[in-house]
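Step one of this worksheet: look at the structure below.
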Amino acid sequence: MRSLALIVMLGSLAACGERISPEQQYSTEEGQSLSGADENSVVAEVRTLPFKHVEWEYKFNNRPIRRLTMGGDQLFIETPDNTVVAMNRFTGQTSWIFRINTDTPLDWAPVVAWGVPEEIRDLEAQLRLVNRQIDDTLKEKGVGKETQALQKKRNEYRERLRVAAFGDNVYFISRQMIYCLDRLNGGLRWTHRLGFVPSARPFAIRNFVFVPGADSARVWVLDVEKKGTEVASYRASIMNRENQIMNSPVFSDPSLYFTCHDGAVYCFEVKTGSLTWTYQTEKALRADPTVYVYKSTESVSDPNAPKAAPGAAPAMDAPKDGMAAPAMDKKPDGMAAPAMGAPAMGAPGAKDERKTGVATTRFLFIGSTDNAFYALDADGGNLIWKYECGSVIKSAAIAKDSTVYVPTEDGALHAFEVMPMHRDAKSNAAMGNKRNGNLRWKLPMAERFIFKGKERVYVMGPRKEIWAIDEMSGATLGRYPTNLLQFVLTNTKDEYIYVANASGHVFCLKESRQTY
3 MRSLALIVML GSLAACGERI SPEQQYSTEE GQSLSGADEN SVVAEVRTLP
53 FKHVEWEYKF NNRPIRRLTM GGDQLFIETP DNTVVAMNRF TGQTSWIFRI
103 NTDTPLDWAP VVAWGVPEEI RDLEAQLRLV NRQIDDTLKE KGVGKETQAL
153 QKKRNEYRER LRVAAFGDNV YFISRQMIYC LDRLNGGLRW THRLGFVPSA
203 RPFAIRNFVF VPGADSARVW VLDVEKKGTE VASYRASIMN RENQIMNSPV
253 FSDPSLYFTC HDGAVYCFEV KTGSLTWTYQ TEKALRADPT VYVYKSTESV
303 SDPNAPKAAP GAAPAMDAPK DGMAAPAMDK KPDGMAAPAM GAPAMGAPGA
353 KDERKTGVAT TRFLFIGSTD NAFYALDADG GNLIWKYECG SVIKSAAIAK
403 DSTVYVPTED GALHAFEVMP MHRDAKSNAA MGNKRNGNLR WKLPMAERFI
453 FKGKERVYVM GPRKEIWAID EMSGATLGRY PTNLLQFVLT NTKDEYIYVA
503 NASGHVFCLK ESRQTY
């Protein structure tokens with residue numbers, strides 16, 4: 003039955019658009035030009051952007067775009083007829099199409115299980131390597147202890163791949179129904195009607211999906227193996243009436259973080275369900291939290307830092323049937339339990355690399371309606387630095403390398419140093435943590451960070467213009483209109499830029515190699 007569904011799906015894909023080869027992308031020869039004056043205008047506008055290298059281009063026929071988002075290895079296109087299209091964002095190939103059976107739009111963009119695609123790629127590379135090692139060892143030494151040890155390692159990799167593939171899913175919610183799809187082929191694995199009203203985009207890891215509820219001050223835990231059953235929840239303080247959770251949570255192993263209208267940031271350890279810490283700001287929090295792992299040779303440790311409130315009840319609620327809090331699954335043959343998910347921003351877990359003199363700090367960034375931007379220690383909940391922006395913050399921060407970008411509601415984009423330090427005027431040596439932050443620049447009318455190139459940062463400015471900015475000074479180095487491109491995605495993961503127009507013309511671009 004699944005094979006038949008896949009055949010039907012592939013047939014639909016063949017009819018939904020045409021793939022444009024690199025040789026045809028910008029040809030003006032007769033018979034090879036893009037159809038329609040409007041499409042020619044879109045291509046002409048793309049040509050004016052600083053991202054001159056076109057990695058791929060795809061034009062959907064009669065499939066307009068309602069929303070375009072990026073997740074893991076894929077682009078997700080939502081259409082007005084309530085269809086979700088998944089494209090491989092590196093090749094431009096359409097992977098699958100899924101039509102919402104309730105014929106209703108998605109409440110939020112699709113969510114990929116965090117870190118799982120990257121984990122699978124790493125395991126596949128390790129499996130290929132150990133296979134070569136087995137072949138070489140058999141040729142040189144024949145069957146023996148060394149070969150058997152390699153074969154045991156191969157079996158471990160295969161088992162880990164099997165477990166990871168089980169959680170390699172895409173999730174989305176429409177009208178209180180959550181859908182779980184196989185990320186690679188779009189096959190429907192399960193659906194589940196939520197027993198609560200979801201209030202924000204969920205966050206998924208391999209074993210669990212975390213969904214905030216609008217009708218209660220809590221984040222619900224859905225078990226993937228149990229097909230989305232609510233097995234537990236994390237709740238905010240019940241002592242405050244203004245305790246709605248209307249923003250997405252974020253996971254960074256081993257903790258889940260979320261914010262609340264009571265002005266507090268909450269950190270729960272997922273494996274045990276215990277409340278690790280809370281941090282109280284002065285007004286309601288209406289921005290998604292951002293966890294960012296930063297490596298530096300300069301430490302942010304401060305013995306005088308104010309401590310966060312210790313973790314205390316309420317902790318994790320057990321479900322009505324008395325089921326225990328969700329724990330990590332044990333793997334057979336004495337292998338370690340599967341990881342809950344990859345660390346935030348694709349970075350390794352926080353640790354001190356004493357041998358190399360590199361300190362790793364895990365930040366939690368959050369903006370508040372009290373007009374301040376907070377940089378917290380994600381592990382302990384202590385305040386590292388704070389900056390008074392003078393305006394309400396309702397958007398998530400974006401961190402890239404040594405800069406964190408924060409849009410405010412008055413229409414300005416702020417760029418802060420991730421790890422601000424007091425420095426010696428002569429030697430520039432770090433002399434201690436700067437507790438009130440360090441604003442590198444502020445751009446009035448700029449909306450958001452888009453991409454960091456080799457020599458400059460790109461942000462969305464006013465009047466739908468992409469601005470090229472010097473990262474350290476904020477000086478404007480170029481302006482590029484995007485009047486015909488309704489979608490310009492933010493990407494902190496790699497060197498690709500994704501733009502599209504509403505009629506279904508999608509481009510994957512890379513920064514020009516020319517010297518500025």
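The opening residue of the sequence shown carries number 3 in the numbering used here; numbering runs sequentially from there. Ideal placement from N, C-alpha and C gives every residue a C-beta, glycine not left out.
Close beta carbons around residue i, own chain, < 8 Å, minus the five adjacent residues each side
{"i": "L415", "result": "Y407, V408, P409, K444, L445, A448, E449, R450, F451, V461"}
{"i": "S514", "result": "P52, F53, K54, H55"}
{"i": "G94", "result": "R21, E57, W58, E59, Y60, V508, C510"}
{"i": "A289", "result": "N249, T261, I368, G369, S370, I395, K396, S397, A398, A399"}
{"i": "R220", "result": "P214, S235, Y236, R237, A238, I247, D319"}
{"i": "G336", "result": "Model confidence at G336 stands at a pLDDT of 34, short of 50, so the residue's coordinates are unreliable and nothing is read from them."}
{"i": "T484", "result": "E47, L51, K466, E467, I468, V490, V501"}
{"i": "H263", "result": "E244, N245, Q246, I247, M248, A286, L287, R288"}
{"i": "A166", "result": "V118, E121, I122, L125, R208, P340"}
Bounding residues of the alpha helix (DSSP H) (the contiguous stretch that carries residue i)
{"i": "I395", "result": "Note, I395: premise wrong, no alpha helix (DSSP H); not H, not E."}
For residue i, the three-state DSSP class (helix, strand or coil)
{"i": "E142", "result": "helix"}
{"i": "S97", "result": "strand"}
{"i": "K54", "result": "coil"}
{"i": "D108", "result": "According to the sequence displayed, residue 108 carries Leu and not Asp. If DSSP states are grouped into helix, strand and coil, L108 belongs with coil."}
{"i": "N435", "result": "strand"}
{"i": "A115", "result": "coil"}
{"i": "E47", "result": "helix"}
{"i": "P66", "result": "coil"}
{"i": "Q128", "result": "helix"}
{"i": "E59", "result": "strand"}
{"i": "D381", "result": "coil"}
{"i": "Q76", "result": "strand"}
{"i": "E120", "result": "helix"}
{"i": "E473", "result": "coil"}
{"i": "W387", "result": "strand"}
Cut-off 7 Å between Cβ atoms - residues of its own chain near residue i, not counting five sequence neighbours on either side
{"i": "A431", "result": "R425"}
{"i": "W98", "result": "M11, A88, N187, G188"}
{"i": "L140", "result": "T149"}
Terminal residues of the beta strand (DSSP E) in which residue i lies
{"i": "Q150", "result": "It is not in any beta strand (DSSP E) - Q150 instead sits in the alpha helix (DSSP H) that spans 147-168."}
{"i": "V508", "result": "507-512"}
{"i": "T371", "result": "It is not in any beta strand (DSSP E) - T371 carries neither H nor E in the DSSP assignment."}
{"i": "F174", "result": "171-176"}
{"i": "G480", "result": "478-483"}
{"i": "E497", "result": "Run containing E497: none; DSSP gives neither H nor E here."}
{"i": "N90", "result": "85-90"}
{"i": "R195", "result": "190-195"}
{"i": "V461", "result": "459-462"}
{"i": "R465", "result": "Unbroken run through R465: none, as it is neither H nor E."}
{"i": "M179", "result": "179-184"}
{"i": "I102", "result": "That residue, I102, is in no beta strand (DSSP E); it is neither H nor E in DSSP."}
{"i": "P82", "result": "Element bounds for P82: n/a, residue is neither H nor E."}
{"i": "L445", "result": "441-446"}
{"i": "F453", "result": "450-454"}
Nonlocal neighbours in the same chain, by C-beta distance under 6 Å from residue i, ignoring five residues either side
{"i": "K454", "result": "K402"}
{"i": "V44", "result": "L486, N503, H507"}
{"i": "V199", "result": "A216, D217"}
{"i": "A374", "result": "K388, E390"}
{"i": "S404", "result": "V420"}
{"i": "T494", "result": "K402"}
Residue i beta carbon near the ligand PLP (any heavy atom closer than 6 Å)
{"i": "N440", "result": "This structure does not include the ligand PLP; it has no bound ligands of any sort."}
Pick out the complete beta strand (DSSP E) segments inside the stretch 237-307, 3 residues or longer, and give them in chain order. 252-254, 257-261, 266-271, 277-282, 292-298
Quick one: complete alpha helix (DSSP H) runs, 4+ long, within the stretch 407-433? none
Output the residue ranges of the beta strand (DSSP E) runs that lie fully inside the stretch 202-241 and measure 3 residues or longer, sorted by chain position. 210-214, 220-225, 231-237
Would you call the stretch 111-118 and the stretch 172-184 in contact, with 3 or more CB pairs under 8 Å? By the Cβ rule, the stretch 111-118 counts as touching the stretch 172-184, because three or more pairs are nearer than 8 Å.
The stretch 67-77 contacting the stretch 485-505, beta-carbon criterion three pairs below 8 Å: yes
Are the stretch 143-161 and the stretch 177-186 touching, with three or more C-beta to C-beta distances below 8 Å? no
Validate contact between the stretch 94-104 and the stretch 118-126 using beta carbons, cut 8 Å, 3 pairs: Contact fails between the stretch 94-104 and the stretch 118-126, because fewer than three Cβ pairs, one in each stretch, are under 8 Å apart.
Segment contact flag, the stretch 136-148 with the stretch 192-209, C-beta cutoff 8 Å, min 3 pairs: no
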